[in-house]
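This report refers to the structure that appears directly beneath it.
In the working numbering, the protein residues as written are 105 to 357.
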């Protein structure tokens, strides 16, 4: 690929503590994301060197054993030589407006179908950032997710979850339920994720509006933001979302 004048910007370092809950470390999960990039031929900006040089590339394929991947190198020999001399790339791209960043090291120049390519071991870590532009997953009908919201006097609401992201959930409540109001916060809410256990978090109601379902019944839709979500629980949500994505992708093959 040719060098461009406006590269995809790098964001926070992979080691940043603030983003630890967005890191994938399981090889199978990392390989799944990289295969998504390959299938979509997503443009990847690969940064390298102290002068912040970059080249534009794409992921060609991920090895069947999930141990290595191939990326395109384009034809600009000067840039290729500089990248190989550096020996490390920091790759940045997006999938469905979710930012993805991963390092590549131990670079090996190869030829793929007659064109320059680069082989590298599968990265040990991949950042799938959902902080500012959260990818929202529509809750699978089979899972029937619900959230237990504690109220005063030992009362609680059981609200059906209709979508979930790393940043929060959207729930449905009866239309006459006046206990959910914008800017209210509820502590110790519980959301059970199949295979991943219970998530306990504070939820803050950001929006509330009435909607009519297909059966004609009116419901309230509350958009809720997670507050003070622990890293293990945030990671469990990420893993749940990825598992659902993998299941849906396998059914579409």
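Positions of the beta carbon are idealized from the N, C-alpha and C atoms, including for glycine.
For residue 131, the secondary structure class from DSSP, reduced to helix, strand or coil, is helix. Taking all protein chains in view, the Cβ of residue 301 is surrounded by fewer than 16 other Cβ atoms within 10 Å, so the residue is classified as exposed.
Shown here, residue 179 sits in coil according to DSSP, grouped into three states, outside any helix or strand. Ranked by Cα distance from residue 268, the first of 328, 333, 167 is 328. Taken atom to atom, the span from the alpha-carbon of residue 201 to that of residue 191 is near 29 Å. Residue state for residue 146 is assigned as coil, using DSSP reduced to three classes. Nearest C-alpha to residue 183 among 171, 156, 172, 166: 156. With contacts defined as CB atoms closer than 9 Å, residue 149 and residue 158 qualify as a contacting pair. Counting the other CB atoms within 10 Å of its CB gives residue 171 a total below 16, which places it among the exposed residues.
CA-to-CA, the gap between residue 344 and residue 297 works out to about 7 Å.
Using a Cβ distance threshold of 9 Å, residue 271 and residue 313 do not count as a contacting pair.
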